[in-house]
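Student: Keeping their order, the protein sequence lines are chains A and B. So the first sequence is numbered by the numbering used here: it starts at 167 and just counts up by one. So the second sequence is numbered by the numbering used here: it starts at 41 and just counts up by one. Glycine included, every Cβ here is placed at the ideal spot set by N, Cα and C. Keep in mind that this is a model prediction, so the values were computed, not measured.
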Amino acid sequence: MSILVNKETRLLVQGITGNEGLFHTEQMLNYTTNIVAGVTPGKGGEWVLNGKVPVFDSVQTAVEVTGANASVIFVPARFVGDAIFEAVDAEIPLVVCITEGAPIQDMMRVKQYLSSRRTRLIGPNCPGLLTPDEAKVGIIPGNIVTSGNIGVISRSGTLTYEVLYALKQSGMGVSACVGIGGDPVKGMNFVDCLELFEADARTDAVVMIGEIGGNDEEKAALYISSDMTKPVVAFIAGISAPPGKRMGHAGALIEGSSGTAQNKIQALQTSGVKIARYPEEIPGLITF
Amino acid sequence: MKLQEYQSKILFTMYGIPVPNGRIAESVDEIKQICEELGGRVVIKAQVLSGGRGKAGGVRVAKTIEEAEEYAGQILGKEINGLPVRKVLVDEMVSIDKEIYLSIANDRNSQKPLLMASSFGGMDIEEVSRGNPEKIVKRVIDPLLGLRDYQLRDVAINIDLDRAYWQEFSTIINQLWKVYVDCDATLVEINPLVITSEKRLSALDAKIVLDDNALFRHPNLSDFRDIHAEPPTEIQGRKIGVSFIKMDGNIGCLVNGAGLAMATMDIITELGGEAANFLDIGGGANAKKVEDSLRLILEDEKVKSILINVFGGITRCDEVAKGILSAFKEIHTKIPIVVRLVGTNDEEGLRLLQGTDLIPAKSLYEAATIAVRKAAEGNA
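This is how it looks when you write it as structure tokens:
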């Protein structure tokens with residue numbers, strides 16, 4: 167078993183015929199992810215990647231024909247809101263949105279809509295999910311991760327890879343990696359993922375990669391101190407970031423006195439979380 | 041993208057939110073003319089994208105045309121928090137009975153829009169929130185349903201607004217909500233919304249921040265972008281397609297990914313150095329982008345070393361290395377550049393850098409250590 171995605175995942179790719187969509191579909195297939203369908207409105211009936219994946223005009227049809235139970239979204243930012251609504255209305259249980267730059271109000275409407283639905287959303291603006299040797303849903307490079315017992319949750323992209331690589335270099339494996347994304351309004355957060363890892367028999371410890379902005383890390387700290395039995399190690403990026411400047415990610419912004427790395431580190435330390443000063447220090451801090 | 045006050049007021053007027061009579065001016069003569077039209081008593085307000093305009097002398101009340109002329113000369117050309125004043129808004133003077141704070145903003149905590157109002161208008165709302173948090177009324181708005189009428193009444197009641205103004209106040213909030221939704225704003229703020237001695241409501245100040253991600257829906261609003269009002273290096277960053285923020289240190293950073301770029305700056309700080317900038321080059325670190333980025337970093341003469349940290353992942357590191365090499369050949373700099381590459385074909389990539397003046401490094405820790413040491417040597 168594993169959290170969120172595994173060998174049973176039947177993946178649908180929204181925006182499969184675009185450059186990014188097509189490139190990463192091939193990468194995911196190479197990782198032996200079970201991709202059953204693609205969707206691009208107006209291209210239904212075509213096949214991509216030498217006849218490996220059928221393309222449909224709508225998510226609903228793709229689900230009816232192929233039994234897809236997860237979707238990964240690569241459509242351009244302006245279509246992200248609509249693409250998520252379409253997947254949610256087709257009752258796909260898990261939607262992972264990779265696209266960066268979705269308008270915030272679109273995401274607020276999506277988020278509100280999701281509150282009365284069963285679909286889980288990850289992202290947008292995230293690298294997606296990876297369950298080593300089982301499924302890769304998104305863009306996390308498969309070759310920097312080996313299978314093991316550490317759960318990884320991250321708000322970042324390449325910084326996540328840095329941490330995964332450091333774990334691999336130290337001979338440590340991963341049960342699953344979840345990139346939750348760097349946007350201020352997003353689907354699953356740290357607490358949602360910590361709950362899954364806490365309940366996951368294959369996970370013995372969790373690595374959390376946070377950054378400045380918002381208070382998701384502080385909420386995670388509260389959850390860890392009250393409900394988490396497994397050890398957690400964290401790295402928080404942005405201790406040297408100035409207030410009021412948006413550090414690349416839409417969500418990485420110190421506003422007023424809130425959202426600072428110091429606040430987050432302190433909250434996590436109080437909850438017994440070990441804090442790494444730089445990514446390569448993480449493996450040495452993990453104990454079971 | 042922040043709008044200037046006068047731009048925000050143009051939008052308010054289009055949506056029927058009352059603002060004082062006034063116009064934008066760029067010269068003393070224009071200011072005099074507007075002042076005459078408005079009957080002599082005016083407020084002259086510097087148009088810069090910076091808080092604390094008033095404290096910096098950027099807002100002056102003139103009772104006569106002579107005073108207006110004098111103040112106009114003082115404000116135009118002045119610098120406020122490093123930003124030159126090129127335009128002023130000349131508004132008619134309004135006599136004030138009461139000041140109210142009103143805003144709608146994206147609330148990160150609830151992940152919904154948040155309506156805020158306070159009877160403590162005209163003050164810094166952060167200060168009110170620290171000193172008198174009970175004086176701020178907050179109501180979360182359902183982004184699918186929009187504002188409910190009862191919420192408007194509820195807010196009016198809770199800021200002790202005289203019933204005579206409820207109707208007009210509700211209309212203003214409703215229109216403000218429309219501005220927020222129609223323009224994809226992240227913040228629409230009126231501070232203060234005043235009740236004048238003529239018993240009318242008027243938005244004396246106006247602040248709108250737009251969601252950059254949604255500007256594609258609003259080509260007309262993109263024209264409002266005033267490039268003179270932003271720090272020049274950040275505009276250059278946008279021009280070459282990277283995310284760039286100037287910092288105070290002497291170690292230039294070139295990194296792919298925002299989180300990794302922050303982590304790179306952090307480890308430099310941890311090791312006793314100081315980053316000169318934040319630079320996220322994004323995906324596909326091609327030769328042109330690397331070259332443009334290096335030039336941008338080297339514009340700062342304080343820079344004594346540069347750290348390039350590219351986590352390739354799927355990107356082929358030998359291609360990235362070739363890009364860095366060709367950029368390096370174009371630049372001709374004596375500043376030491378440390379390069380750390382990880383990803384597909386990274387060993388081949390690092391091998392390509394051998395025999396050049398670029399300094400290859402295997403880990404982020406090693407790369408940062410060298411960059412900090414080189415910067416210290418450069419300063420010595």
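Take every Cβ of the segment 431 to 439 of chain A, pair it with every Cβ of the segment 315 to 322 of chain B, and state whether three or more of those distances are shorter than 8 Å.
Tutor: Contact fails between the segment 431 to 439 of chain A and the segment 315 to 322 of chain B, because fewer than three Cβ pairs, one in each stretch, are under 8 Å apart.
Student: If you run the structure through DSSP and keep just helix, strand and coil, what is B:Asn326?
Tutor: coil
Student: Kindly identify the DSSP beta-bridge partner or partners of A:Lys440.
Tutor: A:Val399
Student: Let me check understanding here. Comparing Cα to Cα, which of B:Glu341, B:Ala316, B:Ile348, B:Lys344 lies closest to B:Lys329?
Tutor: B:Ile348
Student: Is B:Ala408 close to the ligand ZN? I mean its beta-carbon at under 7 Å from any heavy atom of the ligand.
Tutor: Of ligands this structure carries none, so the ligand ZN is not represented either.
Student: Thinking C-alpha only, which one of B:Ala415, B:Met163, B:Arg278 is nearest B:Asp332?
Tutor: B:Arg278
Student: Which word fits A:Gln180, buried or exposed, when buried means at least 16 other C-beta atoms lie within 10 angstroms of its C-beta?
Tutor: buried
Student: So, is B:Lys103 buried or exposed, given that buried needs 16 or more other C-beta atoms within 10 angstroms?
Tutor: exposed
Student: In the DSSP output, what is A:Thr297 paired with across the bridge?
Tutor: A:Ala301
Student: Give the secondary structure of A:Thr343 by DSSP, where H, G and I count as helix, E and B as strand, and everything else as coil.
Tutor: Checking the sequence shown, residue 343 of chain A turns out to be Cys, not Thr. The answer is strand: DSSP assigns A:Cys343 an E or B state.
Student: What's the call for B:Pro272, buried or exposed, on a 16-neighbour Cβ count within 10 Å?
Tutor: With fewer than 16 other Cβ atoms from the protein chains shown falling within 10 Å of its own Cβ, B:Pro272 counts as exposed.
Student: Please state whether DSSP places B:Gly313 in a helix, a strand or coil.
Tutor: If DSSP states are grouped into helix, strand and coil, B:Gly313 belongs with coil.
Student: Leaving out the 5 sequence neighbours to the left and right, which residues in its chain are closer than 7 Å to B:Arg257 when beta-carbon positions are compared?
Tutor: Asp224
Student: Should B:Ala339 be labelled buried (16 or more other beta-carbon atoms within 10 Å of its own) or exposed?
Tutor: In the sequence as presented, Ala is not what sits at residue 339 of chain B; that position holds Glu. Under this definition B:Glu339 is an exposed residue.
Student: To the nearest angstrom, report how far apart A:Lys277 and A:Gly289 are at their CA atoms.
Tutor: Going by C-alpha positions, A:Lys277 is about 11 Å away from A:Gly289.
Student: Would you report the Cα separation of B:Tyr190 and B:Ile57, rounded to the nearest angstrom?
Tutor: 20 Å
Student: Between the segment 383 to 396 of chain A and the segment 410 to 421 of chain A, do at least 3 Cβ pairs fall closer than 8 Å?
Tutor: no
Student: Expressed to the nearest angstrom, what Euclidean distance is found between the alpha-carbon atoms of B:Leu51 and B:Val219?
Tutor: 8 Å
Student: Please confirm if A:Glu383 has its CB atom under 8 Å from at least one CB of chain B.
Tutor: Not an interface residue.
Student: What residues from chain B crowd round A:Gln271, counting only those whose CB sits closer than 9 Å?
Tutor: Within chain B, the C-beta atoms nearer than 9 Å to that of A:Gln271 come from Asn146, Pro153, Pro183, Tyr220, Val221, Asp224, Ala225, Thr226, Asp251, Ala254, in chain order.
Student: So with Cβ pairs under 8 Å, would you call A:Ala418 a contact of chain B?
Tutor: yes
Student: Nearest CA to the CA of B:Gln207: which residue from B:Asp358, B:Arg240, B:Met163?
Tutor: B:Arg240
Student: Leaving out five residues before and five after A:Ala253 in sequence, what residues of the same chain have Cβ atoms less than 6 Å from its Cβ?
Tutor: Val225, Ser237, Val261
Student: If we ignore side chains and look at the alpha-carbon of each, how far apart do A:Val329 and B:Lys42 end up?
Tutor: 35 Å
Student: Determine the contact status of B:Ile120 and B:Arg93, defining contact as a CB-CB distance below 8 Å.
Tutor: Taking 8 Å as the Cβ cut-off, B:Ile120 and B:Arg93 qualify as a contacting pair.
Student: Just to make sure I have the definition right: I need the residues of chain A whose C-beta is within less than 8 Å of the C-beta of B:Thr309. Which are they?
Tutor: Ile405, Ser406
Student: Can you tell me the Cα-Cα spacing of B:Ile105 and B:Tyr55, whole angstroms?
Tutor: Rounded to whole angstroms, the gap between the alpha carbons of B:Ile105 and B:Tyr55 is 31 Å.
Student: For A:Ile378 versus A:Thr426, is the C-beta spacing smaller than 8 Å?
Tutor: Going by C-beta atoms, A:Ile378 is nearer than 8 Å to A:Thr426.
Student: Given a cut-off of 8 Å on the beta-carbon distance, is the pair B:Ser158 and B:Val177 in contact?
Tutor: yes
Student: Evaluate the contact criterion for the segment 390 to 403 of chain B versus the segment 350 to 365 of chain B: three or more CB pairs, one atom per stretch, below 8 Å.
Tutor: yes
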